[in-house]
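**Student:** Sequences listed follow chains A and B, in order. Letter 222 of the first sequence, counting from 1, is numbered 211 in this note's numbering, and no numbers are missing. Numbers in this note's numbering are just positions in the second sequence, counted from 1, shifted up by 41.
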Amino acid sequence: MAWIEQLLKEGAKRVDEIEVFYAKSTTVSANLKRRKVNLAVASDDCGLAVRTIRDGRIGSSNTNSPERWRECLKAAIASGDLATPQSWKGLPRPATGPATDTLCFDPALAVEPENASQLLTAMMEGSEEHPADITSGSATLSSTLITLANNAGLYLTSRHTGVSVSLEAISGQSTGSEFAQSCFMDIDPRSVGERAAFFASHSVGGQDIPSGIYDVILSPIAYAELLSAVYIPALSGRNVHAGRSRLATLLNEQVLDARFSVYDNPLLAKGLGSALWDGEGVPTRRIDFIRDGVLKEFAYDLRTAYRYGKTSTGSAIRAGATGGTAIGHHNLIVDGPRTDITKDRAIYIHSVIGAHTANPMSGDFSVEMSNAFWMEDGSFCEPIRSAMLAGNVFDMHASVAGLSREVRQIGSLVLPSIRLSGLRVIGK
Amino acid sequence: MNLPSGVRYYDLRQVTGQTTLIDIDNGVVESAGISFFNTALLRVLGPHGWGILEIDNFEPGSKQKINGLIQSAVRLAAITQQDVRLADAPHRALAVPRMQEDPKNIDLEEKTRLLSAVETAAKLPGIVNRRANYIERIEQVRFSDSSDTEFSHQICRSGFNMLAVASRNGNVQMGYERMHSIHGFNLRHKEEYGKKAAERALALLDAKHIKGGRMRAVLDPELAGVFAHEAVGHASEGDLVQEGNSILAGRTGVKIGNEQLTIVDDPSLPEFGFEPFDAEGVAVQRTEIIRNGIMNSYLHNRETLAAIGEGIPGHARAMPGEPPFVRMSNTFIENGEVSFSEIIEVCKTGILLKGSRGGQVDPGRGIFQFNAEYGYMIDNGECTEMIRDVSLSGEILSTLHDITLCGNDRAMHPGYCGKGGQSVPVSDGAPHILLENALVGGRGLD
Chain A
-10 MAWIEQLLKE
0 GAKRVDEIEV
10 FYAKSTTVSA
20 NLKRRKVNLA
30 VASDDCGLAV
40 RTIRDGRIGS
50 SNTNSPERWR
60 ECLKAAIASG
70 DLATPQSWKG
80 LPRPATGPAT
90 DTLCFDPALA
100 VEPENASQLL
110 TAMMEGSEEH
120 PADITSGSAT
130 LSSTLITLAN
140 NAGLYLTSRH
150 TGVSVSLEAI
160 SGQSTGSEFA
170 QSCFMDIDPR
180 SVGERAAFFA
190 SHSVGGQDIP
200 SGIYDVILSP
210 IAYAELLSAV
220 YIPALSGRNV
230 HAGRSRLATL
240 LNEQVLDARF
250 SVYDNPLLAK
260 GLGSALWDGE
270 GVPTRRIDFI
280 RDGVLKEFAY
290 DLRTAYRYGK
300 TSTGSAIRAG
310 ATGGTAIGHH
320 NLIVDGPRTD
330 ITKDRAIYIH
340 SVIGAHTANP
350 MSGDFSVEMS
360 NAFWMEDGSF
370 CEPIRSAMLA
380 GNVFDMHASV
390 AGLSREVRQI
400 GSLVLPSIRL
410 SGLRVIGK
Chain B
42 MNLPSGVRYY
52 DLRQVTGQTT
62 LIDIDNGVVE
72 SAGISFFNTA
82 LLRVLGPHGW
92 GILEIDNFEP
102 GSKQKINGLI
112 QSAVRLAAIT
122 QQDVRLADAP
132 HRALAVPRMQ
142 EDPKNIDLEE
152 KTRLLSAVET
162 AAKLPGIVNR
172 RANYIERIEQ
182 VRFSDSSDTE
192 FSHQICRSGF
202 NMLAVASRNG
212 NVQMGYERMH
222 SIHGFNLRHK
232 EEYGKKAAER
242 ALALLDAKHI
252 KGGRMRAVLD
262 PELAGVFAHE
272 AVGHASEGDL
282 VQEGNSILAG
292 RTGVKIGNEQ
302 LTIVDDPSLP
312 EFGFEPFDAE
322 GVAVQRTEII
332 RNGIMNSYLH
342 NRETLAAIGE
352 GIPGHARAMP
362 GEPPFVRMSN
372 TFIENGEVSF
382 SEIIEVCKTG
392 ILLKGSRGGQ
402 VDPGRGIFQF
412 NAEYGYMIDN
422 GECTEMIRDV
432 SLSGEILSTL
442 HDITLCGNDR
452 AMHPGYCGKG
462 GQSVPVSDGA
472 PHILLENALV
482 GGRGLD
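#1: From the DSSP secondary-structure annotation, give me the bridge partner or partners of A/Glu167.
#2: How do the segment 309 to 328 of chain A and the segment 186 to 193 of chain A stand: do at least 3 beta-carbon pairs fall below 8 Å, yes or no?
#3: Along chain A, which residues have their Cβ under 7 Å away from the Cβ of B/Ser208?
#4: How is A/Thr91 classed by DSSP in three states: helix, strand or coil?
#5: Under 8 Å Cβ-Cβ, which residues of chain B neighbour A/Glu162?
#6: What does DSSP give as the partner residue(s) for B/Gln463 in the beta ladder?
#7: Based on DSSP bridge pairs, tell me the residues matched to B/Cys197.
#8: Against chain A, does B/Ser76 count as a neighbour if the rule is that its beta carbon must be under 7 Å from one of theirs?
#9: Whose Cβ in chain B lies nearer than 8 Å to the Cβ of A/Pro222?
#10: Between A/Arg374 and B/Ala357, what straight-line distance do the alpha-carbon atoms span, to the nearest angstrom?
#11: Considering only the beta carbon of each residue, do A/Met350 and B/Met418 sit closer than 7 Å?
#12: Should B/Met369 be flagged as near chain A, meaning a C-beta pair shorter than 7 Å?
#13: Under a CB-based cut-off of 7 Å, is A/Val26 close to chain B?
#14: Counting C-beta neighbours from all protein chains within 10 Å, is the total for A/Met112 16 or more, i.e. buried, or is it exposed?
#15: Within this structure, are the beta carbons of A/Val154 and A/Leu130 separated by less than 7 Å?
#16: How about A/Asp290: is its C-beta nearer than 7 Å to some C-beta of chain B?
#17: Bridge partners for A/Ile316 per DSSP, in chain order?
#18: Which residues of chain A have a Cβ atom closer than 7 Å to the Cβ of B/Thr121, listed in chain order?
#19: B/Gly74 by DSSP, collapsed to three states: which one?
#20: Could you pull the start and end residues of the beta strand (DSSP E) that B/Lys395 belongs to?
#21: Could you give the first and the last residue of the continuous beta strand (DSSP E) run that contains A/Leu175?
#22: So, does the CB of B/Glu477 fall closer than 7 Å to a CB anywhere in chain A?
#23: Skipping 5 residues on each side, what residues in its chain have a beta carbon closer than 6 Å to that of B/Glu96?
#24: Along the segment 378 to 397 of chain A, where does the CB come closer than 7 Å to a CB of chain B? Name the residues.
#25: Looking at the structure shown, is B/Glu321 part of a helix, part of a strand, or coil, going by DSSP?
#26: Hey, is B/Met427's beta-carbon within less than 7 Å of any beta-carbon in chain A?
#27: Starting from A/Gly48, find everything on chain B with Cβ-Cβ shorter than 7 Å and list it in chain order.
#28: From which residue to which residue does the beta strand (DSSP E) around A/Trp(-8) run?
#29: Helix, strand or coil: which one does DSSP assign to B/Asn333?
#30: Tell me the rounded alpha-carbon separation between A/Gly270 and A/Gly282.
#31: Pull up the distance between the alpha-carbon of B/His194 and that of B/Phe318, whole angstroms please.
#32: So for B/Asn412, helix, strand or coil by DSSP?
#33: With a threshold of 7 Å between beta carbons, is B/Glu95 in contact with chain A?
#34: Can you tell me whether B/Trp91 is helix, strand or coil according to DSSP?
#35: Chain B partners of A/Leu130, CB-CB under 8 Å?
#36: Taking C-beta pairs closer than 9 Å, name the residues in chain B that A/Val356 reaches, listed in chain order.
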């Protein structure tokens, strides 16, 4: 795009380095109210983020009006003037390899309202397998083109497509919900509908349980909710060096059960976060955060790496269409020996209410269970009406009783169900 | 007005503005900059439901251009099936309260210096991290609809967050303070916020965990406000009621809480959730959700008012460029008559919970959860040991009967509320309240 070239040229006259991130996306979505489509939305979004570096001062600005790039450049430089200077060794230069990333692109995914409509219909059909009413649902299709360029000659483009569906159902006073998302047109909306209705209807008639210590199985959803609130932020190099991570001083120490590993695989086939390079153009690589229970690595972007004498791990993530960079991950995987974890009786928890209220520093949480059941021999048995689960996300990993064979992608996490022993449940 | 064929109604809501963010982390100015945006939402009501266009970087143009966009929205509406009706509602715009000091008149450098003073004030022995953020958002909103309603306003919301982290022998705790307002620049002489955050983090290192279970709890105005928001506010939102996803559906006129309890949502109140008119150009007004323990009124937009009635419109809200739906604004429990010390005395044995780390609700199931930043044991009518990481959960319908005392010291606290992927500014508030039989979650042992 000519204006991007011009922006790089103008910027290079005034600062040491300049970087342009431009995303343009088309999205269509449709929402259900009960069993009827209530609205359909189409959007054309764009986001421009400009970053400048002068004498180690990093400036940034963004806008959704790309023709105002001159103002955006000016605002970025002005913001850099106020930033504290830091050690800086340059933006990435062009590397050999492809200049276009299509790992998350499905050319067959058409961003059309009729497709959203069909996905909703399929979910409704699936929901009919159990006695539950639909309260709401949605289907979204999108396509995005991203350009990342800098004045060191880097010019990369990536194409992304996405489809996501969700359904909420109710049976009496029992609710259930499910969702699915993919970069490819390969989701199964029928099963999403069936699962939402199953959880709503199967939770009817739940019984109270006494407070006590129990074996608990967290579904990939419940596990993802707790990991996102607490564990994952502690792996960010920025939080580590800033004193906001409980893992900061534990490098090369045992932090998990020795059978388990946590790693980021940016090249996972059909991974929702798969990418050849990160949000700054640094080639991505596998990051072994925890190998055989031992903490080996933290995640770094360029800014944090340069500041603390480390190397970028290709972990810069762009937050939102107009967002700046932050440290994140691509496809974070929790792995270890797989067993049948549902044989012996335990409490199965589909999701939790209030994971975001966990203490991100200490890891302590107490949350309400949602769609909890007794589980035995792989079957959902009696539903549990209502109870709280309390514990510590860091400490609970010391008593992992097993990981399930199946895994599920929840956003950029790839997780099994996890069985934990000795968790505190506060009943009614 | 002549409407294009197949169109029953349309409206256009354009929001332009700029955001100023400053981030100071352990003395380092990570960023201090301005970003700007321009986005619009065109909603067209077709023969059945809505066709909606989100338009980034919108430039108002000729009638022909608008008609072209309307036709695109009509094509989207073609896949809808629900017969949406809109209730008549009064259109009126309130004046935005004048700011004492307009943040626009203060340069970025001075803002950065003032924020740095707050951040530096948290520098106490034992504090391992200090992080301060300043957020200022100026929005110009222009609304017009096919009934010739035309309103516009400009509002500036600004404020700061201060996080302090204390660490000792692997025990990591945080203290958090924040201050956000629609009344103008509020960053001068705020060093005490930094100090308070640091002192709280340090004190929490020695706080203990409690063993969960049923007990009597006194909630401070901030946490009781979150309770009003999570336990009652969401379940009274007309769209959830319409979808059959609220435990409060069909309960207007029914006594659902203690008779001392009145819970209100009021977007006209000059607090952080203030709206001069709602996202459909509808007049905003005080809405008593629960009056003296009796379910009184749902929160509505025009669509949900037409569908289920029993409430007041003017509660449609949206992020810039996003479809509006029913949201709370300023939600609070009305004052009762007793003082804080009387509440503690009546409580006798229990816990006092203060501050909020947020909450969540499943309105269909009628179950909520929320978390306090810290608290104290109450023994024999006196506050004693400090406690940490305490959550409360409960069932909406039984819990409302268990609020047995409301204090006379209501205060409002600003925050943001997420729903359907959109986050809007709100405030919550209450006096101190006494909650019997609270289900408290904690990981402590005997």
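Don't be surprised by glycine CBs; every beta carbon is placed ideally from N, CA and C. Please read all numbers here as calculations on a predicted model, not as lab measurements.
**Tutor:** Walking through what the data contain:
#1: For A/Glu167, DSSP records a beta bridge to A/Leu156.
#2: no
#3: Gly232
#4: coil
#5: Correcting the residue identity first, residue 162 of chain A is Gln in this sequence and not Glu. Under the 8 Å cutoff, chain B gives Ile288, Gly405, Arg406, Gly407.
#6: B/Lys460
#7: Its beta-bridge partners are B/Ile179.
#8: yes
#9: What A/Pro222 touches in chain B: nothing, since even the nearest Cβ is about 12 Å away.
#10: 33 Å
#11: Judged by beta-carbon spacing, B/Met418 lies beyond the 7 Å limit of A/Met350, meaning their Cβ atoms are not closer than that value.
#12: Closer than 7 Å: no.
#13: yes
#14: buried
#15: no
#16: False, the Cβ-Cβ gap to chain B never drops below 7 Å.
#17: The partner list for A/Ile316 (beta bridge, DSSP) reads A/Ala305.
#18: The contacting residues are Val26, Asn27, Leu28, Ala29.
#19: strand
#20: 391 to 395
#21: Reading off the sequence, residue 175 of chain A comes out as Asp, not Leu. Looking at the DSSP string, A/Asp175 is not in any beta strand (DSSP E), and its letter there is neither H nor E.
#22: Taking 7 Å as the threshold, the shortest C-beta distance from B/Glu477 to chain A does not fall below it.
#23: Just to set this straight, residue 96 of chain B is Ile in the shown sequence, not Glu. Ala81.
#24: Ala379, Gly380, Asn381
#25: coil
#26: Not one chain A Cβ lies under 7 Å of B/Met427.
#27: Gly74
#28: Taken as a continuous stretch (DSSP letters only), A/Trp(-8) belongs to no beta strand (DSSP E), being part of the alpha helix (DSSP H) at -9 to 3.
#29: coil
#30: 31 Å
#31: 9 Å
#32: strand
#33: yes
#34: strand
#35: Ordered by position in chain B, no residue passes the 8 Å Cβ test against A/Leu130, which lies about 13 Å from the chain.
#36: Gln401, Gln410, Asn412, Ser432, Ser434, Gly482
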